[in-house]
Structures are given as structure tokens and as C-alpha cells.
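Enquirer: Below is the structure I would like to discuss, written out as C-alpha cells.
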Amino acid sequence: MRTSFQGSCHCGAIGFDYHTNISPAEWSVRACQCSFCRAHDALSTSDPNGQLEFTSRNTEVLQRYRFGLKTADFMLCGRCGVYIGAVIETAGGAFGIVNVHALRATPGNTAKLAPASYDNENVAGRVSRREARWTPVEAVPW
Ligand SMILES: [Zn+2]
Numbered sequence: 007m008r009t010s011f012q013g014s015c016h017c018g019a020i021g022f023d024y025h026t027n028i029s030p031a032e033w034s035v036r037a038c039q040c041s042f043c044r045a046h047d048a049l050s051t052s053d054p055n056g057q058l059e060f061t062s063r064n065t066e067v068l069q070r071y072r073f074g075l076k077t078a079d080f081m082l083c084g085r086c087g088v089y090i091g092a093v094i095e096t097a098g099g100a101f102g103i104v105n106v107h108a109l110r111a112t113p114g115n116t117a118k119l120a121p122a123s124y125d126n127e128n129v130a131g132r133v134s135r136r137e138a139r140w141t142p143v144e145a146v147p148w
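Numbered according to my numbering, the sequence shown spans residues 7 to 148.
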């Protein structure tokens, strides 16, 4: 049964609708250790068999930020500053992650917390990992 989980930035200008068959207790939640994710205390989740839509009520406040290998857009609200998730666009389509901390309701136990470091990846490795693990994105707000 596919459940929908909504999330947004603090002021509500940008958000997402994350659809997954996986119950929250079984989600893969990663605490990426890069300096961006540590600064935001971001927790990432995704489901390769799910579906993700990013929404924007106000595209003018959407900030896309690329850093490191510059393969994905990290999306922040330009008004309230909250980081909601990231999208990579590849030859195979668009794939995304969401920030669990941006979910409207905390989905219960997301205890399988794994610190993750991807520092040693090259561009090809990073793109193929994201294509395999991230959620197919149906809509991007630009
Ligand atoms: Zn906002």
C-alpha cells in the first residue's frame, strides 16, 4: 500500500510529496556526513520503488545549491532557509531524496540511522548510486 508523506520548508513556500510502500520503521535513513548535511542536521531518505514530487508555491524563493561534484541540486527555501531535499537529473531520469526533518509529521520510528560518507566517490560512482537508491522524481519545480 503506497502511502504519501508530505513535507515542506518552515514557511511553506516549497515542499514535497513522497510516496512509498515502505513503512517508516523500515526506511533507510542516512545521516550524510558532508559539511552541508551536517550543518543542516539533514537526514536523507529515498525509495527506488517510490515516487517523489517537489512542489513550489513560489518558485522565486526556491534556492538550488550545487556543491562538491555538482551533480545534484540541493533545494532550500530562500525565505526561511530550510533544506527540503535534492534532485539529480541523469540520462536515466530524475531522482531525489527528501530531508526527513522537513516532513510535516514525524513518521514514527525512523531509527535505522546510518552515518554515511560518500567522500571517495567520483562523478560516475555518485550518479550511479543515486540512480539506484534515490526516488524517481515525477515533477521538479522549475
Ligand atoms: Zn520557507
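In this text, a Cβ means the ideal position worked out from N, Cα and C, and glycines have one as well. Here the structure is a predicted model, which means the values were calculated and not measured.
Quick one: give me the first and last residue of the beta strand (DSSP E) that residue 73 is part of.
Expert: Within the sequence shown, numbered from 1, the residue matching residue 73 stands at position 67. Careful: residue 73 lies outside any beta strand (DSSP E) and carries neither H nor E.
Enquirer: In chain order, what residues of the same chain have a beta carbon less than 8 Å from the beta carbon of residue 49, not counting five sequence neighbours either side?
Expert: Here residue 49 corresponds to residue number 43 of the sequence shown, with the count starting at 1. Excluding sequence neighbours, residue 49 sits near 35, 36, 37, 105, 106, 107, 116, 119.
Enquirer: Where are the beta strand (DSSP E) runs, 3 residues long or more, that stay fully inside the region 41-105, in chain order?
Expert: You should have 57-62, 68-71, 79-83, 89-96, 99-105.
Enquirer: Any heavy atom of ligand 1 closer than 7 Å to the Cβ of residue 88?
Expert: Locating residue 88 in the sequence shown gives position 82, counting from the first residue. Yes, the Cβ of residue 88 comes within 7 Å of a heavy atom of ligand 1.
Enquirer: From residue 16 to residue 134, what distance separates their C-alpha atoms?
Expert: As a working note, residue 16 is residue 10 in the sequence shown. As a working note, residue 134 is residue 128 in the sequence shown. Residue 16 and residue 134 have their alpha carbons spaced roughly 32 Å apart.
Enquirer: How big is the Cα-Cα spacing for residue 67 and residue 84?
Expert: Counted from its first residue, the sequence shown places residue 67 at position 61. Counted from its first residue, the sequence shown places residue 84 at position 78. Rounded to whole angstroms, residue 67 to residue 84 spans 5 Å at the Cα level.
Enquirer: I'd like to know whether the C-beta atoms of residue 87 and residue 103 end up nearer to each other than 8 Å.
Expert: Start at 1 with the first residue of the sequence shown, and residue 87 comes out as number 81. Start at 1 with the first residue of the sequence shown, and residue 103 comes out as number 97. Cβ atoms of residue 87 and residue 103: not closer than 8 Å.
Enquirer: Tell me the rounded alpha-carbon separation between residue 26 and residue 99.
Expert: Numbered from 1 along the sequence shown, position 20 holds the residue referred to as residue 26. Numbered from 1 along the sequence shown, position 93 holds the residue referred to as residue 99. Those two C-alpha atoms are separated by around 18 Å.
Enquirer: What distance in whole Å lies between the Cβ atoms of residue 140 and residue 101, which are believed to be in contact at a cut-off of 8 Å?
Expert: Locating residue 101 in the sequence shown gives position 95, counting from the first residue. Locating residue 140 in the sequence shown gives position 134, counting from the first residue. With a Cβ gap of about 4 Å, residue 101 and residue 140 count as contacting.
Enquirer: Rounded to whole angstroms, what's the CA-CA distance from residue 45 to residue 127? Just pull it up for me.
Expert: Counting from one through the sequence shown, the residue named residue 45 turns up at place 39. Counting from one through the sequence shown, the residue named residue 127 turns up at place 121. Near 21 Å, if we compare the C-alpha coordinates of residue 127 and residue 45.
Enquirer: Count the other CB atoms, across all protein chains shown, that sit within 10 Å of the CB of residue 121; report buried if there are 16 or more and exposed otherwise.
Expert: Against the sequence shown, residue 121 aligns to sequence position 115. Residue 121 is exposed by the Cβ-count criterion.
Enquirer: DSSP three-state label for residue 146, please.
Expert: Residue mapping note: residue 146 aligns to position 140 of the sequence shown, counting from 1. DSSP places residue 146 in coil when its eight states are reduced to three.
Enquirer: In whole angstroms, give me the CA-to-CA distance for residue 137 and residue 143.
Expert: For the purposes of this step, residue 137 is taken as the residue at position 131 of the sequence shown. For the purposes of this step, residue 143 is taken as the residue at position 137 of the sequence shown. Answer to the nearest angstrom: the Cα atoms are 11 Å apart.
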